Structures are given as structure tokens and as C-alpha cells.
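> Take a look at the following structure, please.
Shown next as C-alpha cells:
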């Protein structure tokens with residue numbers, strides 16, 4: 036599959052409550068991940084697509100899950116999405132020591148993250 040889903044992120048209004056709930060509901064390993072913007076928690080599911088959780092970056096917005104898709108060229112994919120009618124909600128942003136992301140809203144209103152990892 037050329038563009039698989041690679042990360043699923045929970046943007047939540049209450050990070051501590053979400054961590055307590057999901058750590059009891061599933062056999063997930065929650066691990067802190069340092070971020071300049073604040074606390075981020077990686078979700079290690081043991082196999083398949085993992086994810087993360089953080090306090091919602093948009094005040095007043097409801098909690099939501101956001102899927103990320105792997106792309107080869109983050110700038111090109113973000114630009115192509117825009118040319119096809121997407122709204123760019125978050126421009127290409129570097130995640131230190133990890134890669135780059137952008138967040139788009141497709142013409143139907145659905146949100147999707149794009150992800151380009153750093154080369155190893």
C-alpha cells in the first residue's frame with residue numbers, strides 16, 4: 036500500500052482522564068514523548084498502527100481521534116491536497132527528532148494528518 040495509515044492521535048480535552056481510561060480499557064503501553072508544545076503520550080499497541088494522545092491544541096474543540104497517512108514528500112502532498120480543494124488546518128510542521136506533519140480538511144469536512152518521517 037503506497038500511503039498506509041501510520042499513526043492515530045487522540046486530541047483530548049482531558050489528557051489525564053483519557054490516559055486513565057485507555058490504559059484500563061486496552062493493553063496499550065503509554066509512554067511520554069517530549070514536545071516543545073507540551074505533554075505528548077505515545078501509544079504503543081505492540082503491533083500494527085500505534086498512535087499518541089495530547090491535550091487538544093484548539094481550545095473549545097471537542098475531543099477527537101485523527102488518523103495520519105504516510106507520504107513521501109510532505110510539502111508536495113500538502114500542496115496537492117490544497118489544489119484538490121482541501122483546507123490546510125496546520126501547515127507543514129517539523130516534529131523534532133521524528134519527522135514532519137500537516138493537517139488537512141478534505142472538501143467534505145473530514146480531517147486527516149499527513150506524515151513524513153525523518154530518514155534514519
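Residue numbers (the working numbering): 36 to 155.
Even glycine gets a Cβ: it sits at the ideal position worked out from N, Cα and C.
Note that the structure is a prediction, hence the values are computed from the model and not measured.
For residue 122, which residues in the same chain have their Cβ closer than 6 angstroms to its Cβ, ignoring the five residues on either side in sequence?
Here residue 122 refers to the residue found at position 87 when the chain shown is read from its first residue. Once the five neighbours on either side are set aside, the close Cβ partners of residue 122 are 140.
> Helix, strand or coil: how does DSSP classify residue 85 here?
Along the chain shown, read from residue 1 onward, the residue named residue 85 stands at position 50. Looking at residue 85 - three-state DSSP - the assignment turns out to be coil, as it is neither helix nor strand.
> For residue 103, I'd like the list of residues in its chain whose CB is within less than 6 angstroms of its CB, leaving aside the five on either flank, ordered along the chain.
Within the chain shown, the letter at position 68 stands for residue 103. So the qualifying residues of the chain are 41, 42, 148, 150.
> Let me know if residue 49 comes out buried or exposed under the rule of 16 or more other beta-carbons within 10 Å of its beta-carbon.
As a working note, residue 49 is residue 14 in the chain shown. Result: exposed.
> Please state if the CB of residue 73 and the CB of residue 44 are separated by a distance shorter than 7 angstroms.
Here residue 44 corresponds to residue number 9 of the chain shown, with the count starting at 1. Here residue 73 corresponds to residue number 38 of the chain shown, with the count starting at 1. Result no, Cβ atoms of residue 44 and residue 73 do not sit closer than 7 angstroms.
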